[in-house]
Amino acid sequence: MANTKKLSMKQRYSALTRDLDWESSYVSEEELFPHTKFEGIKIHDWAKWEDPFRLTIDAYCKYQAEKDKRLYAVLDGFAQSQGHLTLSDARYLNAMKLFLQGVTPLEYQAHRHFGYLARHLNGPGPRFAALCQSIDELRHTQTEIHTLSNYNKYYGGLHSWSKMHDRVWYLSVPKSFFDDAISAGPFEFLIAIGFSFEYLLTNLLFVPFMSGASFNGDLPSMTFGFSAQSDESRHMTLGLEAIKFLLEQDEGNVPIVQGWIDKWFWRGYRVTALVAGMLDYMLPRKVMSWKEAFELYFEEQMLGGLFKDLEFYGITPPRHVEHAIAEKDLLSHQVYWTLYSFSFAAAFTTTVPEAGERAWLAEQYPDTFNTFYKPRWDKAQAIIDGGGRFFFQGLPQLCQTCQIPMVFTEPGDPTTLCQRHSVYRGERFDFCSDGCKWIFDREPEKYVQAWMPVHQIYQGNCGGPSVPEVLAWYGIQDGDNGEYTGSLDHLDWRRWHASEPAVASTTKES
Ligand code: FE
Ligand code: ZN
Numbered sequence: 005m006a007n008t009k010k011l012s013m014k015q016r017y018s019a020l021t022r023d024l025d026w027e028s029s030y031v032s033e034e035e036l037f038p039h040t041k042f043e044g045i046k047i048h049d050w051a052k053w054e055d056p057f058r059l060t061i062d063a064y065c066k067y068q069a070e071k072d073k074r075l076y077a078v079l080d081g082f083a084q085s086q087g088h089l090t091l092s093d094a095r096y097l098n099a100m101k102l103f104l105q106g107v108t109p110l111e112y113q114a115h116r117h118f119g120y121l122a123r124h125l126n127g128p129g130p131r132f133a134a135l136c137q138s139i140d141e142l143r144h145t146q147t148e149i150h151t152l153s154n155y156n157k158y159y160g161g162l163h164s165w166s167k168m169h170d171r172v173w174y175l176s177v178p179k180s181f182f183d184d185a186i187s188a189g190p191f192e193f194l195i196a197i198g199f200s201f202e203y204l205l206t207n208l209l210f211v212p213f214m215s216g217a218s219f220n221g222d223l224p225s226m227t228f229g230f231s232a233q234s235d236e237s238r239h240m241t242l243g244l245e246a247i248k249f250l251l252e253q254d255e256g257n258v259p260i261v262q263g264w265i266d267k268w269f270w271r272g273y274r275v276t277a278l279v280a281g282m283l284d285y286m287l288p289r290k291v292m293s294w295k296e297a298f299e300l301y302f303e304e305q306m307l308g309g310l311f312k313d314l315e316f317y318g319i320t321p322p323r324h325v326e327h328a329i330a331e332k333d334l335l336s337h338q339v340y341w342t343l344y345s346f347s348f349a350a351a352f353t354t355t356v357p358e359a360g361e362r363a364w365l366a367e368q369y370p371d372t373f374n375t376f377y378k379p380r381w382d383k384a385q386a387i388i389d390g391g392g393r394f395f396f397q398g399l400p401q402l403c404q405t406c407q408i409p410m411v412f413t414e415p416g417d418p419t420t421l422c423q424r425h426s427v428y429r430g431e432r433f434d435f436c437s438d439g440c441k442w443i444f445d446r447e448p449e450k451y452v453q454a455w456m457p458v459h460q461i462y463q464g465n466c467g468g469p470s471v472p473e474v475l476a477w478y479g480i481q482d483g484d485n486g487e488y489t490g491s492l493d494h495l496d497w498r499r500w501h502a503s504e505p506a507v508a509s510t511t512k513e514s
């Protein structure tokens, strides 16, 4: 004991990781680590992997326990003081419903697959980093469930998120993204999740939900976000470490890694479409527009910064990035209109943006909102004024790769739908974009197996042929779906807030 006290953090780290590793003598390295060759990546020296954090398990557990203690104190206080009544509006929670249904299950998938990497990577450095991230991701899953469970007592849409993640159409977008990643090889997974998801796109994925929480009075989610942030910075560093390690180990790795960056940029970018709709339309109090977030975090920081650094290794900006840039004025509007049209089959509610929100959207999107999207909302509002509500009748065609309904438009022409297709083994497959078609064409045998929600309904695998049967199979209950105005959440919210002054005055009088 006396000896370990004298070791520096760095020495302790190496004693507890590198020094506990050994070379196998009665099985070959190939037998011990059978999954790190088939992708074509060449690693000459696993010891070159440097973990910049050098956390030991005991230090790691101490930090995490401290963070959990703080988070759970906030959760208790919020629950006891009926903090949910101080949210900006009940409809804000639609963003968190999407988060719990769409993102929390990804944390669990990440936990499982980093656990697999913690066994299967050859070097002790990356194995240990993967182990820590695996534990982090399980903690994220649990703390997110606990954070949002308080709202589940009072609001719809939060009760069957894990079943919904596996079944509901819009959730197949994030689910299929992660299914794709965990069924890839270990190095591709590291680029897909560690680099693309955690590093390249994190400010467009995770951060918007947490900023939305802080702007809309959701103290628990904001505290969870802070609690996760220090883990995220470790994960981002792991992602960057992973890509640099692969690029430095062998020149032959460069084109392989470039292919994965190209694929996973577009794959991840398509998942952010849901976030774009959330950011511009679901938050009663806006943080920043999707366009602003995209310009600041992606164009300036990633393209202008990171990819300038990666140039040194021969890495170029992701393929199809120009299409993502061209879409920044259109994306959120096209996505939210789709969610609005189909929210009878979603576990959240949607509504026409209020006058103030429409003015904000026009200001944020001067080139597109008033010309292309405001007329739609005017029409939807006119239908409501006439006592109706527009819902799309029928099922949309889905993109075979990203599984989003085919709602995106031709590059440079916001009035024409973009449609691409490929024929594989005599069968036709459709895509929303050049990016998704390109991804399919390089691995068609993978994507022909996709579980396409609309196809599954047509094949009779989703509870039955009618909408009520499908909704029952989805686990959607009364009050989860449809229009926000007049929904159970809306009526409860009004009742709770209407009774507040009355309760206060009675207390004073007595
Ligand atoms: Fe996480
Ligand atoms: Zn697509």
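Heads up, the sequence shown is in my numbering, so the first residue is 5 and it goes up one at a time. Beta carbons are placed, not taken as given, at the ideal position from N, Cα and C, and that holds for glycine.
Under the criterion of beta carbons closer than 8 angstroms, T206 and L75 do not qualify as touching, at roughly 20 angstroms.
Taking the Cα positions, Q113 is about 44 angstroms away from A386. If you draw a straight line from the Cα of G360 to the Cα of V325, it comes to about 32 angstroms. Non-local beta-carbon contacts of S491 in its own chain, meaning distances under 7 angstroms to residues more than five positions away in sequence, involve T353, G483 in chain order. By the Cβ test, the segment 369-377 is not in contact with the segment 186-201, since fewer than three Cβ pairs between them sit closer than 8 angstroms.
Look at T241: its beta carbon is at least 6 angstroms from all of the heavy atoms in the ligand ZN. Relative to the Cα of E236, the nearest Cα in the group V78, H144, S29, L11 belongs to H144.
Looking only at G479, H494, W53, E487, the smallest Cα-Cα distance to S166 is reached by G479.
In the three-state reduction of the DSSP assignment, Y17 falls in the helix class. Ranked by Cα distance from D266, the options I319, S92, T241, L79 are led by I319.
Residue environment: R446 is assigned as exposed (fewer than 16 neighbouring CB atoms within 10 Å of its CB, all protein chains considered). Cα atoms of L91 and D222: separation of roughly 6 angstroms, rounded to the nearest angstrom. Beta-bridge analysis with DSSP links R432 to V427. D235: member of the alpha helix (DSSP H) spanning 223-253, first to last residue. With respect to V458, C466 sits apart: the two C-beta atoms are not nearer than 7 angstroms. Sixteen is the threshold: since fewer than 16 other Cβ atoms of the shown chains lie within 10 Å of the Cβ of W26, the residue is exposed. Those residues having their beta-carbon less than 5 angstroms away from any non-hydrogen atom of the ligand ZN are, in chain order, C403, T405, C406, C436, C440. Taking Y96 as the centre and dropping the five residues before and after it, the same chain places the C-beta of N220, P288 closer than 6 angstroms to its C-beta, in chain order. For T21 against G129, the beta-carbon gap comes to about 7 angstroms, under 8 angstroms, which counts as contact. Taking a cut-off of 8 angstroms on C-beta distances, the segment 287-304 touches the segment 326-344, as three or more cross pairs fall below it.
When DSSP assignments are scanned along the segment 271-353, the uninterrupted stretches of alpha helix (DSSP H) that are 4 or more residues long and fall wholly within it turn out to be 294-297, 311-314, 325-330, 335-346. Between D434 and S345, the alpha-carbon positions lie close to 21 angstroms from each other. Taking 7 angstroms as the cut-off, the Cβ atoms of Y155 and L251 do not count as close. Contact check for L335 against A280 passes: the beta carbons are separated by less than 7 angstroms. In this structure, DSSP gives T355 a state outside helix and strand, which the three-state scheme calls coil.
The beta carbon of K383 lies closer than 8 angstroms to those of F394 in the same chain, with the five residues before and after it left out. Considering only V261, V107, P259, W173, the residue with the shortest C-alpha distance to F213 is V107.
Per DSSP, D417 is not a residue of any alpha helix (DSSP H); the beta strand (DSSP E) it occupies stretches across 417-421. Secondary structure at P259: helix, using DSSP grouped into helix, strand and coil. Following the DSSP letters along the chain, one finds K383 inside the alpha helix (DSSP H) bounded by residues 378-389. S176 is a Cβ neighbour of Q407, given a cutoff of 7 angstroms.
Between R58 and K10, the gap from beta carbon to beta carbon reaches 7 angstroms or more. If you check the CB distance, H115 and E141 come in under 7 angstroms.
Between V275 and P409, the gap from beta carbon to beta carbon reaches 7 angstroms or more.
The closest CA to that of I197, considering only A232, I247, A19, D254, is found on I247. According to the DSSP assignment, R131 belongs to the alpha helix (DSSP H) that extends over 128-156.
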